[in-house]
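I have placed the structure first, in the form of structure tokens, so that the comments after it can refer back to it.
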Amino acid sequence: MKYDFGINIKALIFGAAIAAAFILFGYQYWDWFYPFSAIGLIYAGYGQDNLKAGTLMGLLASTPIVVLTLQGYMGQFDGFFLTETGIITVALVILVVGAVVGFVGAWTKRSRVKALEQYEKQQKIGKNKKKNKK
Numbered sequence: 484m485k486y487d488f489g490i491n492i493k494a495l496i497f498g499a500a501i502a503a504a505f506i507l508f509g510y511q512y513w514d515w516f517y518p519f520s521a522i523g524l525i526y527a528g529y530g531q532d533n534l535k536a537g538t539l540m541g542l543l544a545s546t547p548i549v550v551l552t553l554q555g556y557m558g559q560f561d562g563f564f565l566t567e568t569g570i571i572t573v574a575l576v577i578l579v580v581g582a583v584v585g586f587v588g589a590w591t592k593r594s595r596v597k598a599l600e601q602y603e604k605q606q607k608i609g610k611n612k613k614k615n616k617k
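This note's numbering puts the first residue of the sequence shown at 484, with every later residue one more than the last.
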């Protein structure tokens, strides 16, 4: 029995790996690598067919970032963030930001598909009509 939920697993796995790799590079080499982890989350959302799936895959792809943050790869916690509530808050914020970035990736893909459809429609009419038939 084969289940097809319309989810691009390859985009999810590579997106999560890219996000985690940039966190590790930022910890190991330069701090300015940290923001580039969003590339992986955008890719995880971009690989999906609709906005809901893109949002969910962005959330799932951000789980390695939560794990790396809790292990100390994003810096040490102090104050409120040492409590259980603070740790849960940090984890939820990272997951919500991952979902938003995944949504942006899915929205970008949807906009690109619409733009390509409009371009093809525009090429079929107008002054270039005879040129494209050759």
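All C-beta atoms, glycine included, are put in the ideal place defined by N, C-alpha and C.
DSSP state of Thr-572, grouped into three classes?
-> DSSP places Thr-572 within a helical segment (H, G or I) once states are collapsed to three.
Taking the CB atoms as reference points, tell me whether Ile-490 and Gln-531 lie closer together than 9 Å.
-> In this structure, Ile-490 places its C-beta atom within 9 Å of the C-beta atom of Gln-531.
For Gly-523, count neighbouring Cβ atoms within 10 angstroms of its own Cβ and tell me buried if that reaches 16, exposed if not.
-> With 16 or more Cβ atoms within 10 Å of its Cβ, Gly-523 is classed as buried.
Apart from the five residues on each side of it in sequence, which residues of its chain come closer than 8 Å, Cβ to Cβ, to Lys-485?
-> The answer is none, since no qualifying residue turns up.
Inspect the beta-carbon positions of Leu-553 and Val-573 and report whether they are closer than 9 Å.
-> For Leu-553 and Val-573, yes; Cβs fall inside 9 Å.
Do Gly-588 and Tyr-529 have their C-beta atoms closer together than 9 Å?
-> It is a contact, given that the beta carbons lie within the stated cut-off.
So is Leu-551 buried or exposed if we call it buried at 16+ other beta carbons inside 10 Å?
-> By the C-beta density criterion, Leu-551 is buried, having at least 16 other C-beta atoms within 10 angstroms.
Leaving aside the five residues before and after Leu-507 along the sequence, list all residues of the same chain whose C-beta is less than 8 Å from its C-beta, in chain order.
-> By the criterion of a C-beta distance shorter than 8 Å, Leu-507 is surrounded in its chain by Leu-551, Tyr-556, once the five residues flanking it on both sides are discounted.
Beta carbon of Thr-538, beta carbon of Gly-569: below 9 Å?
-> For Thr-538 and Gly-569, no; Cβs fall outside 9 Å.
Report the rounded CA-to-CA distance for Leu-599 versus Ile-577, giving the unit in angstroms.
-> Approximately 33 Å, taken between the alpha carbons.
With 16 other Cβ atoms within 10 Å as the buried cut-off, status of Ile-525 | The residue in question, Ile-525, is buried, as its Cβ has 16 or more Cβ neighbours within 10 Å.
Near Lys-493, what residues of its chain come up, given a Cβ to Cβ distance below 8 Å and the 5 sequence neighbours on each side ignored?
-> Gly-530, listed in sequence order.
6 Å Cβ shell around Phe-505 - same chain, five flanking residues per side excluded | Result list for Phe-505: Phe-516, Phe-519, Ser-520, in chain order.
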